[in-house]
Amino acid sequence: MTKPIPDKAEVALEYPDKFYIGTFERSARFDAHLDATGISLVLDRAGDADTRKSVHMHLNYHLFAAILRDLASTIAAMPAGDVAHREALSGAAEALHHALAGQNSA
């Protein structure tokens, strides 16, 4: 089930001879879910052939866990006064933790 993107995402793909960059804003949608081997993420912007784009990513569980650990180790880079972003991340991490522990989450 896709949901509206609540903020903004930028995606860049760099190859030796090509560079692609795309932005997904509030008019775009996303889907994130778990499957048998990892995390699936889709960013999708509908429209005509000139504006339509999508990104599909799959990260195996161990890679996603390593990403979460790296994010945790770099949290000091986030300004202490950035309460709104800190609360959003904290709430999402708490919901993931409760879901993994088999508890109901908000």
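So the sequence shown is numbered by the working numbering: it starts at 14 and just counts up by one. C-beta: ideal position from N, C-alpha, C; glycine also.
Taking residue 64 as the centre and dropping the five residues before and after it, the same chain places the C-beta of 58 closer than 8 Å to its C-beta, in chain order. Beta-bridge annotation (DSSP): residue 87 is not paired with any residue. Residue burial annotation: residue 114 is exposed, with fewer than 16 other C-beta atoms found within 10 angstroms of its C-beta. Between residue 22 and residue 67, the alpha-carbon positions lie close to 12 Å from each other.
Residue 56 and residue 49 have their C-alpha atoms roughly 20 Å apart.
Taking C-alpha positions only, residue 34 is separated from residue 27 by approximately 9 Å. Residue 73 and residue 62 have their C-alpha atoms spaced approximately 31 Å apart.
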